[in-house]
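Undergrad: First the structure, which I've put down as structure tokens, then a few questions once you've had a look.
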Amino acid sequence: MSKKVNIFPFSSFVLLFFMALGYYINVNEEAHKKFAPYLQKGIDFTLNIRDYAASPFYKHFKGYGVKLPDNYAVHGIDISHHQQLIDFGRVAGFHAQKTSIKFVYAKATEGKDHKDRHFERNRKHIRDNNLIFGAYHFFRPQTSGKEQANYFIKTVGKLRPDDLVPVVDIEVLDGVEPSKMRERLEEFVLAIEEEYGVKPMIYTGDAFYKDYFRGHFRKYRIWIANYGHSTTAPKSRWTMWQHTQEANIDGIPNKVDMNVFDGNWEKFQKSLLIGHQKGYKG
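Here it is as structure tokens:
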């Protein structure tokens with residue numbers, strides 16, 4: 001068995017260099033104007049080197065490592081750069097516990113100016129391996145919802161009829177009043193709907209839904225996260241359930257979130273494939 005190459009000291013040194021450079025750029029106005037656009041690219045490049053070095057050393061799994069909920073036919077995952085470089089061919093070919101992965105939501109953006117560094121690669125390889133692709137945005141309540149939506153649209157571009165409806169992930173208040181958070185989130189979902197002609201789905205945690213969303217956004221699908229035996233949100237209010245963040249899947253270096261859809265394959269297609277939605281702007 002090959003041993004994993006440890007390049008942590010080198011990558012850590014380079015990251016420390018970029019952190020020091022970032023501090024200098026932020027406190028020096030002239031340097032900020034010249035070099036700020038290149039700083040994040042340098043950081044991403046360093047992290048990508050680390051991920052590429054790790055990618056040949058995937059573990060092999062016989063099962064998901066978690067108990068799957070009973071009586072659900074459609075299973076999928078959601079990913080970001082935290083899962084490093086994924087071998088989607090192995091993901092697509094992985095069958096365990098009488099099920100396989102059908103769809104993948106990939107993080108595209110966060111806030112008004114952060115793009116997930118593996119988004120383009122993830123999207124291409126998800127589609128190339130005949131998995132159903134979807135894009136999600138991590139919402140930051142302290143920033144204009146319209147600005148965040150515009151950045152998501154600019155990053156993701158056109159969606160295909162066989163892609164999933166867009167998702168907005170809201171998990172934190174970031175010090176913003178709940179009413180202001182909901183106001184800005186409404187700006188976001190309306191802008192997405194105007195662009196793509198379909199209502200996005202809202203992802204949130206069980207407790208966050210209970211505290212801030214109950215009675216709100218009734219026209220929107222809810223994707224709920226709860227790692228217990230079930231969710232406390234009424235079943236009539238959720239479309240997808242993220243039941244674990246500890247799954248093992250062949251082709252993914254790190255543990256990953258797993259989700260189930262509330263319904264069969266036909267219902268999944270009608271409910272979440274963007275081309276099946278009334279008003280879709282292709």
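Here the sequence shown is numbered in UniProt numbering, starting from 1 and rising by one per residue. Quick reminder that beta carbons are idealized off the backbone N, C-alpha and C, glycines included.
1) How far does the beta strand (DSSP E) with I101 in it extend, from its first residue to its last?
2) Are there three or more Cβ pairs, one per stretch, closer than 8 Å when the region 78 to 89 is compared with the region 121 to 130?
3) Return the chain-ordered ranges of every beta strand (DSSP E) run that is complete within the region 71 to 151 and spans a minimum of 3 residues.
4) Excluding the 5 residues flanking H95 on each side, which residues of the same chain have their C-beta closer than 8 Å to its C-beta?
5) Report the rounded CA-to-CA distance for R182 versus I202, giving the unit in angstroms.
6) Let me know the secondary structure DSSP gives G63 once reduced to three states.
7) Name the residue from D169, S144, G157 and V198 whose alpha carbon lies nearest to the alpha carbon of K219.
8) In three-state terms, what does DSSP make of E246?
9) Roughly how many angstroms separate the alpha carbons of I170 and F138, rounded to a whole number?
10) I need the straight-line Cα distance from K270 to F261, nearest angstrom please.
11) List the residues that DSSP assigns as beta-bridge partners of L273.
12) Which of the three DSSP states is assigned to V260 in this structure?
13) With a threshold of 8 Å, are at least 3 pairs of Cβ atoms found where one atom belongs to the region 98 to 116 and the other to the region 68 to 77?
14) Restricting to Cα atoms, I'd like to know which of R140, H216 and Q242 is closest to Y227.
15) Figure out for me which residue from Y196, F188, G282 and P141 has the closest Cα to the Cα of G175.
16) First and last residue of the alpha helix (DSSP H) that includes Y209?
17) Does at least one heavy atom of the ligand ZN sit under 7 Å from the Cβ of G197?
18) Ignore the nearest five residues each way along the sequence and tell me which others in I252's own chain have a CB closer than 6 Å to its CB.
19) Residues bridged to Y196 by DSSP?
20) What's the gap between the Cα of P56 and the Cα of L190?
21) Classify R214: buried if its beta carbon has 16 or more other beta carbons within 10 angstroms, exposed otherwise.
22) For residue 290, write down the residues that DSSP places opposite it in a beta bridge.
23) Only counting the same chain, and skipping five residues up and downstream in sequence, which positions put a Cβ closer than 7 Å to that of G279?
24) When the Cα atoms are used, what is the spatial distance from L272 to E177?
25) Taking the alpha carbon of L185 as the point to measure from, which residue in P166, T143 and D163 has its own alpha carbon closest?
26) Taking only three categories from DSSP, how would you classify W241?
27) Per DSSP, D169 forms a beta bridge with which residues?
28) Hey, how far is the Cα of V172 from the Cα of F119?
29) Alpha carbon to alpha carbon, what distance is there between R221 and N248?
30) Check each candidate in G93, A225 and R123 and name the one with the smallest Cα separation from G157.
TA: Quick answer:
1) Within the sequence shown, numbered from 1, the residue matching residue 101 stands at position 101. T99 to E110 is the extent of the beta strand (DSSP E) around I101.
2) yes
3) 75 to 79, 99 to 110 and 132 to 138
4) As a first step, residue 95 must be located in the sequence shown, where it is residue number 95. So no residue of the chain qualifies.
5) As a first step, residue 182 must be located in the sequence shown, where it is residue number 182. As a first step, residue 202 must be located in the sequence shown, where it is residue number 202. Cα to Cα, R182 sits roughly 12 Å from I202.
6) Your numbering for residue 63 matches position 63 in the sequence shown. If DSSP states are grouped into helix, strand and coil, G63 belongs with coil.
7) In the sequence shown, the residue the question calls residue 219 occupies position 219. Nearest C-alpha to K219: V198.
8) Position 246 of the sequence shown holds residue 246. Reduced to three states, the DSSP call for E246 is strand.
9) Start at 1 with the first residue of the sequence shown, and residue 170 comes out as number 170. Start at 1 with the first residue of the sequence shown, and residue 138 comes out as number 138. Rounded to the nearest angstrom, the two C-alpha atoms are 6 Å apart.
10) One-based indexing of the sequence shown puts residue 270 at position 270. One-based indexing of the sequence shown puts residue 261 at position 261. Going from the Cα of K270 to the Cα of F261 covers about 12 Å.
11) In the sequence shown, counting from the first residue as 1, residue 273 sits at position 273. DSSP, once it has assigned bridges, lists L164 as partnering L273.
12) By 1-based counting over the sequence shown, the position of residue 260 is 260. Here V260 sits in strand by DSSP.
13) yes
14) Working through the sequence shown from its first residue, we reach residue 227 at position 227. Checked all of R140, H216 and Q242; the closest Cα to Y227 is Q242.
15) On the sequence shown, residue 175 is found 175 positions in, with the first residue counted as 1. For G175, the nearest C-alpha among the options comes from P141.
16) To locate residue 209, count along the sequence shown from 1; it is residue 209. Segment: none, Y209 is in no alpha helix (DSSP H) and carries neither H nor E.
17) The ligand content of the structure shown is nil, which means the ligand ZN is not present either.
18) As a working note, residue 252 is residue 252 in the sequence shown. Closer than 6 Å at the Cβ level, and outside the excluded window around I252, lie Q83 and I86.
19) Here residue 196 corresponds to residue number 196 of the sequence shown, with the count starting at 1. DSSP lists no partner for Y196.
20) Locating residue 56 in the sequence shown gives position 56, counting from the first residue. Locating residue 190 in the sequence shown gives position 190, counting from the first residue. For P56, the predicted structure reports a pLDDT of 48, less than 50, and the residue's modelled location is therefore unreliable. A value from the coordinates is still provided. About 42 Å.
21) By one-based count along the sequence shown, residue 214 stands at place 214. Classification of R214: exposed, given that the 10 Å Cβ count is below 16.
22) Since the first residue shown for the chain is 1 and the last is 282, residue 290 is missing from the structure and cannot be characterised.
23) The residue you call residue 279 lines up with position 279 of the sequence shown. Answer for G279: G197 and V198, listed in chain order.
24) Start at 1 with the first residue of the sequence shown, and residue 272 comes out as number 272. Start at 1 with the first residue of the sequence shown, and residue 177 comes out as number 177. Approximately 31 Å between the Cα atoms of the pair.
25) On the sequence shown, residue 185 is found 185 positions in, with the first residue counted as 1. Taking only the C-alpha atoms, the option nearest L185 is T143.
26) Counting from one through the sequence shown, the residue named residue 241 turns up at place 241. Correct three-state label for W241: strand.
27) Counting from 1 along the sequence shown, the entry for residue 169 is found at position 169. In DSSP, D169 forms a bridge with F138 and Y203.
28) Working through the sequence shown from its first residue, we reach residue 172 at position 172. Working through the sequence shown from its first residue, we reach residue 119 at position 119. One C-alpha to the other measures close to 22 Å.
29) Looking up residue 248 in the sequence shown gives position 248. Looking up residue 221 in the sequence shown gives position 221. Approximately 27 Å, taken between the alpha carbons.
30) In the sequence shown, residue 157 corresponds to position 157, counting from 1. Of the listed residues, the one whose Cα sits closest to G157 is R123.
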